[in-house]
Structures are given as C-alpha cells and as structure tokens.
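Trainee: Residue numbers (the numbering used here): 1 to 132. No residue lacks a Cβ here, since even glycine has one placed at the ideal position from N, Cα and C. Quantities reported herein were computed from a predicted structural model and do not represent experimental measurements.
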C-alpha cells in the first residue's frame, strides 16, 4: 500500500511540474493565440492550467501529509537483536605503573641496545635511572 501511494505521489509531482512549466510567466497559458472562446483559447487554457495546478498542489500536500503519517505509524516496536555484538573476551590488563618502559640512550648511540626499567609510580619520581 505504501509503495502504491509513493508511486502515485511521484506521478502527481511530475504532473504538477509539467502543468506549471506549461504556463506562461505572464499568465497567457497553454497557447499563444487562436479563437477568443473555448478551452484552447489563451484565457481558457490559463483557467484550465490554473485550476489543474491548484488541484494537483492540494493533492500533493494532502498526500505528503498522509504518507508522513502512514510512514510514522507503520514502524515496528520490536527490537532486533540479530546484529547484537558478542562481548569480547577480556585480556588481562596490566597497570601502567608496573609495565616496563624502554629507556632511550641520551648520547645518540643508536647501536647501543635499549634497556627497560619499571615505570615510575608517581609523576615526580626521579629514582628511575636513565641510560647515558
């Protein structure tokens, strides 16, 4: 039902665009001349196009509101759990205070092997030796 109404809405929109583009900007309407009476005269075409524009615009607005209400009320309230993530296995977490910290030599000797020492327990701890 929703798809049918949506296709009908698109057709109404296309018709409305077509009817609006057929009108002259000064209100002359469908033709540029002809007999002064009848539907296909300048005045008759303008009246026909004006009426059809008003009807199509009203239909477009009513269908827009109706489709919005219909779409808002057709949703499901059930929660789909088929894509729920499985809890990841937790690895043992080491405290940053006990993890070894690599010591970088200050002398610029890149050939010297880096040694590790325990990280300081506090931010201001200067008891950790630095390699020269």
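At which residues does the alpha helix (DSSP H) containing residue 9 begin and terminate?
Mentor: Reading the chain shown from its first residue, position 9 is the one you call residue 9. First-last of the alpha helix (DSSP H) with residue 9: 2 to 22.
Trainee: For residue 71 and residue 60, what's the separation of their Cα atoms in angstroms?
Mentor: Here residue 71 corresponds to residue number 71 of the chain shown, with the count starting at 1. Here residue 60 corresponds to residue number 60 of the chain shown, with the count starting at 1. If I take the Cα positions, the gap works out to 16 Å.
Trainee: Could you tell me whether the stretch 54 to 68 touches the stretch 3 to 12, where touching means 3 or more Cβ pairs closer than 8 Å?
Mentor: Contact between the stretch 54 to 68 and the stretch 3 to 12 is present: 3 or more CB-CB pairs across the two stretches fall below 8 Å.
Trainee: So, under 8 Å CB-CB, residue 49 and residue 16 are touching, yes? Tell me the CB distance rounded to an integer number of Å.
Mentor: In the chain shown, the residue the question calls residue 49 occupies position 49. In the chain shown, the residue the question calls residue 16 occupies position 16. Residue 49 to residue 16, Cβ: 11 Å. No contact.
Trainee: Pull up the distance between the alpha-carbon of residue 46 and that of residue 18, whole angstroms please.
Mentor: Along the chain shown, one-based indexing puts residue 46 at 46. Along the chain shown, one-based indexing puts residue 18 at 18. So the two alpha carbons sit approximately 14 Å from each other.
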